[in-house]
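S.K.:
2 protein chains.
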Amino acid sequence: MISHTEEDYLKALFRLVSGKQGKQEAGTNALADLLSLKPASVNNMLKKLRKKELIDYEKYGKISFTDKGRQIALLVVRKHRLWETFLVDKLGFSWDRVHDIAEQLEHIRSDELVEKLDWFLGHPEYDPHGDPIPRSDGSTPTTPSAVLSSMQKGDVCKVMMVKDTSAAFLQYLERLSIHVGTCVSVMDKVSFDNSLVIEVDGKHHTVSQKVADNLYVSYC
Amino acid sequence: MISHTEEDYLKALFRLVSGKQGKQEAGTNALADLLSLKPASVNNMLKKLRKKELIDYEKYGKISFTDKGRQIALLVVRKHRLWETFLVDKLGFSWDRVHDIAEQLEHIRSDELVEKLDWFLGHPEYDPHGDPIPRSDGSTPTTPSAVLSSMQKGDVCKVMMVKDTSAAFLQYLERLSIHVGTCVSVMDKVSFDNSLVIEVDGKHHTVSQKVADNLYVSYC
DNA sequence: AAGTATTGTTAGATATATCTAACTTTTATA
DNA sequence: TATAAAAGTTAGATATATCTAACAATACTT
Ligand SMILES: [Mn+2]
Ligand SMILES: [Mn+2]
Ligand SMILES: [Mn+2]
Ligand SMILES: [Mn+2]
Chain F
1 MISHTEEDYL
11 KALFRLVSGK
21 QGKQEAGTNA
31 LADLLSLKPA
41 SVNNMLKKLR
51 KKELIDYEKY
61 GKISFTDKGR
71 QIALLVVRKH
81 RLWETFLVDK
91 LGFSWDRVHD
101 IAEQLEHIRS
111 DELVEKLDWF
121 LGHPEYDPHG
131 DPIPRSDGST
141 PTTPSAVLSS
151 MQKGDVCKVM
161 MVKDTSAAFL
171 QYLERLSIHV
181 GTCVSVMDKV
191 SFDNSLVIEV
201 DGKHHTVSQK
211 VADNLYVSYC
Chain G
1 MISHTEEDYL
11 KALFRLVSGK
21 QGKQEAGTNA
31 LADLLSLKPA
41 SVNNMLKKLR
51 KKELIDYEKY
61 GKISFTDKGR
71 QIALLVVRKH
81 RLWETFLVDK
91 LGFSWDRVHD
101 IAEQLEHIRS
111 DELVEKLDWF
121 LGHPEYDPHG
131 DPIPRSDGST
141 PTTPSAVLSS
151 MQKGDVCKVM
161 MVKDTSAAFL
171 QYLERLSIHV
181 GTCVSVMDKV
191 SFDNSLVIEV
201 DGKHHTVSQK
211 VADNLYVSYC
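Residue numbers (our numbering), protein chains in the order written: chain F, 1 to 220; chain G, 1 to 220.
1. Can you tell me the Cβ-Cβ gap for A26 of chain F and I63 of chain F, rounded? I've got them flagged as a contact below 8 Å.
2. Is any non-hydrogen atom of ligand 3 found closer than 7 Å to the C-beta of E103 of chain G, if you look at the structure I gave you?
3. Distance, Cα to Cα, K79 of chain G vs L34 of chain F?
4. Distance check for S191 of chain G and N44 of chain G, CA to CA, integer angstroms please.
5. What does F14 of chain G touch in chain F if you count any residue whose Cβ is under 9 Å from its own?
6. Interface residues of chain F around Q104 of chain G at Cβ under 7 Å?
7. Rounded C-beta distance between P128 of chain G and W95 of chain G? I'm assuming under 8 Å.
8. Go ahead and label V159 of chain G buried or exposed: buried means 16 or more other beta carbons lie within 10 angstroms of its beta carbon, across all protein chains shown.
9. What three-state label does DSSP hand I178 of chain F in the structure shown?
10. Give, in chain order, every residue of the segment 68-97 of chain G whose Cβ lies closer than 8 Å to some Cβ of chain F.
11. Let me have the residue list for ligand 4: C-beta closer than 5 Å to any non-hydrogen atom, ordered along the chain.
12. Hey, N214 of chain G and V156 of chain G are a contact pair by Cβ (cut 8 Å); roughly how many whole angstroms apart?
13. May I ask whether a heavy atom of ligand 3 can be found less than 7 Å away from the beta carbon of H99 of chain G?
14. Let me check one thing: in DSSP terms, what residues is T206 of chain G bridge-paired to?
15. Helix, strand or coil: which one does DSSP assign to L37 of chain F?
16. Would you please verify whether the beta carbon of I2 of chain F is less than 8 Å from any beta carbon of chain G?
17. Can you tell me whether R81 of chain F sits near ligand 2, meaning its C-beta is under 7 Å from at least one heavy atom of the ligand?
18. Would you grab the beta carbon distance between L87 of chain G and V98 of chain G for me? Rounded to a whole angstrom, and I think it's under 8 Å.
19. Hey, would you say the C-beta of T165 of chain F is under 7 Å away from at least one heavy atom of ligand 2?
20. Terminal residues of the continuous alpha helix (DSSP H) containing V114 of chain F?
21. Tell me where the alpha helix (DSSP H) around K11 of chain G begins and ends.
22. At the 8 Å Cβ level, is L117 of chain G part of the contact set with chain F, yes or no?
23. Is there at least one Cβ from chain G nearer than 8 Å to I101 of chain F's Cβ?
24. Kindly indicate if chain G contains any beta-carbon less than 8 Å away from that of E174 of chain F.
25. Does chain G have any CB closer than 8 Å to the CB of L113 of chain F?
26. Using DSSP bridges, identify the partner residues of I63 of chain F.
27. Strictly below 7 Å CB to CB, what residues from chain F border F192 of chain G?
28. By alpha-carbon positions, which one of G:A212, G:R175, G:F65 ends up nearest to D201 of chain G?
29. For M11 of chain G, count neighbouring Cβ atoms within 10 angstroms of its own Cβ and tell me buried if that reaches 16, exposed if not.
30. What does the Cβ neighbour count give for G154 of chain F, buried or exposed, with the cut at 16 atoms within 10 Å?
31. Report yes or no: is there a C-beta of chain F within less than 8 Å of the C-beta of F169 of chain G?
32. Output yes if chain F places a C-beta closer than 8 Å to the C-beta of D120 of chain G; else output no.
33. Please say whether I55 of chain G and E7 of chain G have beta carbons closer to each other than 8 Å?
34. Please tell me whether T85 of chain F and P132 of chain F are closer than 8 Å, where the distance is taken between their beta carbons.
35. Kindly indicate which three-state DSSP category D56 of chain G falls into: helix, strand or coil?
36. So, I108 of chain F versus Q104 of chain G, is the Cβ gap smaller than 8 Å?
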């Protein structure tokens with residue numbers, strides 16, 4: 001049996017090791033940071049997860065998943081993103097309010113529930129923030145690789161995914177009428193600080209490079 | 001902050017003290033039985049709940065709610081029954097599969113979620129087993145008082161609520177096509193053991209007194 | 001290569017929630 | 001009313017999950 005806490009550790013490890021940079025392993029401190037816990041607590045849990053054969057790890061070494069561990073992490077992520085989709089699509093939640101609730105719902109144990117929820121939502125591929133929802137077979141829909149900050153003056157693109165899903169950033173995007181699926185035209189690029197002048201819904205806005213780095217897009 | 005465990009204790013206490021017999025208090029052993037725990041564990045928790053002012057209780061005395069405690073118990077029951085309604089009405093679960101899942105979902109913390117779920121379900125008054133769903137103001141819809149076993153030969157009534165909601169009993173009712181809302185005619189009553197011959201959907205069945213005791217009905 | 005900074009580990013404390021075994025109080029009954 | 005049964009309590013053990021403070025290993029920098 002895997003506890004809520006253990007699931008949260010595996011999910012955090014998943015976030016660290018599934019980074020685009022190809023890293024397949026992570027360290028104690030990084031995990032502690034992500035979970036807002038102390039390294040001592042993480043170290044303690046790592047021993048438990050190793051004993052349960054959910055991670056590979058040896059003293060002073062790096063941490064990586066076993067197949068069993070990765071499978072559990074994927075299921076927790078799948079549940080998290082399905083619930084977020086439910087909260088936004090069915091219950092009418094705003095996309096910046098769903099994370100904390102999904103953080104709880106992701107731990108509900110019932111295979112039947114997950115599959116019925118998936119059906120009820122129409123087998124969605126992406127959650128409200130554009131993140132891919134892992135499928136029950138363990139595969140994952142493709143994710144866009146281009147960020148808005150790499151676009152040039154004159155480019156027109158569609159927002160596909162939001163990288164930073166903090167409530168603050170999501171609320172900021174809300175004010176700019178930017179959602180997943182929104183069309184954005186790059187009107188100008190300021191070479192001094194790489195900020196962009198963009199057009200959304202006929203309105204012009206200036207966004208910093210940091211903002212543009214956090215918006216994945218595809219050409220359209 | 002109230003833990004999942006504390007919520008389960010309060011919900012169990014609610015079941016004991018809201019019995020129709022007018023008992024407003026319960027004992028350590030009864031609570032232990034209901035929760036499948038040992039009296040020592042319950043005693044331990046009672047001290048915590050008292051310190052948090054959720055129950056009134058003194059050594060060797062009986063246990064009853066404070067207003068604060070009753071309010072929390074009612075909210076947990078409300079959430080449990082709303083989630084059961086969601087599982088059956090929206091996800092297509094069978095009514096004998098929802099209890100264990102709702103047992104988990106009832107602990108999800110979010111006032112906004114409860115109210116939006118209630119709206120999404122159309123403000124239901126009764127759950128799939130006919131149990132009343134406490135309202136957000138603390139009031140509770142009325143419940144039927146007559147049981148099928150009190151009906152006489154020739155009576156026609158409608159099933160309003162199922163008392164024993166164990167999977168075994170619910171599956172038995174399923175085989176007889178008996179649900180909440182089903183019309184039942186009493187064709188005969190065997191005075192020897194009080195078993196009943198009933199007609200449901202044009203079919204005749206014989207049910208024991210024990211079964212009939214567990215079906216709340218109203219005349220129709 | 002030496003010294004320093006970063007990263008990771010251990011020991012021991014605290015909090016929650018459970019148990020068993022022994023004990024005490026209250027209630028029922030002979 | 002004395003005794004037995006039932007109900008309730010306590011002490012001490014175990015398991016989980018966290019922390020702080022002290023320590024150890026590895027990596028970085030000059
Ligand atoms: Mn979580
Ligand atoms: Mn998301
Ligand atoms: Mn529960
Ligand atoms: Mn129910």
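For glycine and all other residues, C-beta sits at the position ideal for the given N, C-alpha and C. None of these values were measured; they are calculated from a predicted model.
M.R.: Checking against the coordinates, here is how it stands:
1. At roughly 5 Å, the Cβ-Cβ gap stays under 8 Å, so A26 of chain F and I63 of chain F are in contact.
2. yes
3. 31 Å
4. 48 Å
5. Those within 9 Å of F14 of chain G in chain F number zero; the least Cβ separation is about 22 Å.
6. I108, R109
7. 5 Å
8. buried
9. coil
10. L87, K90, L91, G92, F93, R97
11. G:E84, G:D127, G:H129, G:D131
12. In fact, because the Cβ distance is near 19 Å, the residues do not count as touching under 8 Å.
13. no
14. G:V197
15. Correct three-state label for L37 of chain F: coil.
16. no
17. yes
18. 4 Å
19. yes
20. DSSP places V114 of chain F in the uninterrupted alpha helix (DSSP H) bounded by 111-120.
21. 4-17
22. yes
23. yes
24. no
25. yes
26. BP columns for I63 of chain F point to F:A26.
27. At a beta-carbon threshold of 7 Å, none of the residues of chain F lie near F192 of chain G; the nearest stands roughly 43 Å away.
28. G:R175
29. Here residue 11 of chain G is Lys; the residue named in the question, Met, does not match the sequence. Its Cβ being crowded by 16 or more others within 10 Å, K11 of chain G is buried.
30. exposed
31. Closer than 8 Å: no.
32. Checking the sequence, you will find Phe at residue 120 of chain G rather than Asp. With 8 Å as the cut-off, F120 of chain G counts as an interface residue toward chain F.
33. No, the Cβ-Cβ distance between E7 of chain G and I55 of chain G is not below 8 Å.
34. no
35. Correct three-state label for D56 of chain G: strand.
36. yes
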